[in-house]
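**Q**
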Amino acid sequence: MFRKKRSPQSSVVGLELDAGHVAAAEVSVDGALTLTRGAVAELQPGVIRDGEVADPIALAEALKSLFADNELPRRVRLGIAHQRIVVRTLDLPTVVEDPNALTAAVREAAPDHIPMPMEEAVLDFQSLGTVDTPLGPRTRVVVVAVRKEMVERVAAAVDGAGLEIEGIDLSAFGMVRALASEHEGAVLYINVAGLTNVAVANRDGCLFTRASAGGVETIASTLAERRGLTLEHARAWMTHVGLVAPLEGIEGDMDLVSATRTALADGVRELADGIRTSLNFYRTQDAAETVELGVVTGPAIAIPGFVETLGDALRLPLEARVVEHAEAAEDNVGRLTVAAGLAVAERP
120 MFRKKRSPQS SVVGLELDAG HVAAAEVSVD GALTLTRGAV AELQPGVIRD GEVADPIALA
180 EALKSLFADN ELPRRVRLGI AHQRIVVRTL DLPTVVEDPN ALTAAVREAA PDHIPMPMEE
240 AVLDFQSLGT VDTPLGPRTR VVVVAVRKEM VERVAAAVDG AGLEIEGIDL SAFGMVRALA
300 SEHEGAVLYI NVAGLTNVAV ANRDGCLFTR ASAGGVETIA STLAERRGLT LEHARAWMTH
360 VGLVAPLEGI EGDMDLVSAT RTALADGVRE LADGIRTSLN FYRTQDAAET VELGVVTGPA
420 IAIPGFVETL GDALRLPLEA RVVEHAEAAE DNVGRLTVAA GLAVAERP
């Protein structure tokens, strides 16, 4: 998606930009995607807000340090996630196999389905192949539209860090590539980080995606404000307390333990409401498939009981998943999973 440059030299690093952190991942592909090396850097609050770069200078400096300190290759495939990204599944009126004709057909159909002026949009698509419909065979595509100014702002910050952009993709597509399921039907994918990024995908590809404000960083910020903590301490308390162990058995100040548990429980309920809204919207689409299970990744999976509690709230079986990884890449693998999927353009 949104490919910018191609160069045969050196490997490509997947780069995820989140409200709470930036993550860079190198992978190997030998029949399966494997994370071989990665690095994560925390971001100061306000650098990225709801997926949009608010302070490009601070972001560029953070990226410079991350890549220099970890001696990472400077070619990147960048992932974006934002509430204003528009994703639609379209069935084209005829079966189109020629790539040029397919591109032309998508651009002709897109204005009727994308609620933004085409001259202000960066448009791309993925083909899901030929499908049978009540009206006969159709070519099904997932069309993505992003406002140019948003892409340009992100790209400027990455360029400012001295990095070469190989391509720009949706973070949700990277998540699906990293966690590709062998399940026959559609699967719900959830990345709970600074944003909550939701996707529905089957073996053919991503069918739907939507990002919503709120995630573990929102919960941490709420706890920090209520208890006068730094964000770092709030995150540590969330992992320490979790959602499983009886409160009386958890070490630490009981008022703070109780406040942490309350913030987590309230946060999961709010996240579940947002995810349910996204899933219900997907279900209203004509081509919607039944979703019977889901996987969760991101920083949230380090919090004991988070995934199980979220699954109970959604009334959907959920499991925590991370990308396949080498032992040397064990640290932060939950936060590196999406970046790993962004390092490649297609599923292995």
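Take 120 as the starting number for the sequence shown in this note's numbering and just add one per residue.
Think of the CB as a built atom: it goes at the ideal place given N, C-alpha and C, for glycine as much as any other residue.
Fair warning: this is a prediction, and the values are worked out from it, not measured in the lab.
1. Which full runs of the beta strand (DSSP E) of 3+ residues lie inside the segment 374-426, going along the chain?
2. Considering Cα atoms alone, identify which of A305, V415, A181 and I199 is closest to V265.
3. Judging by CA-CA distance, which residue of E171, T213 and H232 is the nearest neighbour of D251?
4. In the DSSP assignment, find the alpha helix (DSSP H) that holds R434 and state where it starts and stops.
5. Would you decide whether A151 is buried or exposed? Buried here means 16 or more other CB atoms lie within 10 Å of its CB.
6. Give me the Cα-Cα distance between S468 and A318, rounded to the nearest whole angstrom.
7. Just to confirm, are G476 and G293 a CB contact at a threshold of 8 Å?
8. Helix, strand or coil for L136? Go by DSSP, reduced to three states.
9. In angstroms with no decimal places, state the Cα-to-Cα distance between R440 and V311.
10. For the segment 282-300 against the segment 411-420, do three or more pairs of beta-carbon atoms, one drawn from each stretch, fall closer than 8 Å, so that the two count as touching?
11. Leaving out five residues before and five after P423 in sequence, what residues of the same chain have Cβ atoms less than 8 Å from its Cβ?
12. Please specify which runs of the beta strand (DSSP E), each continuous and at least 3 residues long, are wholly inside the segment 137-173, giving them in chain order.
13. Going by Cα to Cα distance, which pick from L398, E336 and S184 is closest to L282?
14. Does the distance from the C-beta atom of T155 to that of A458 stay below 8 Å?
**A** Quick look at the numbers:
1. If only complete runs of 3 or more residues are kept, the segment 374-426 shows the beta strand (DSSP E) at 410-416, in order along the chain.
2. Looking only at A305, V415, A181 and I199, the smallest Cα-Cα distance to V265 is reached by I199.
3. Among E171, T213 and H232, the Cα nearest to that of D251 belongs to T213.
4. It is not in any alpha helix (DSSP H) - R434 carries neither H nor E in the DSSP assignment.
5. Burial call: exposed.
6. What the structure shows of the chain is the stretch from 120 to 467, and residue 468 is not part of that stretch, so it cannot be assessed.
7. No answer is possible for residue 476: it lies beyond the span of the chain, which begins at 120 and ends at 467.
8. Secondary structure at L136: strand, using DSSP grouped into helix, strand and coil.
9. Taken atom to atom, the span from the alpha-carbon of R440 to that of V311 is near 12 Å.
10. The answer is yes - the segment 411-420 touches the segment 282-300, with three or more Cβ pairs under 8 Å.
11. Once the five neighbours on either side are set aside, the close Cβ partners of P423 are T358, G361, L362, V363 and A364.
12. Those beta strand (DSSP E) runs which fall completely within the segment 137-173 and span 3+ residues are 140-148 and 152-161.
13. Closest option to L282, judged by alpha-carbon separation, among L398, E336 and S184: S184.
14. The Cβ-Cβ distance between T155 and A458 does not fall below 8 Å.
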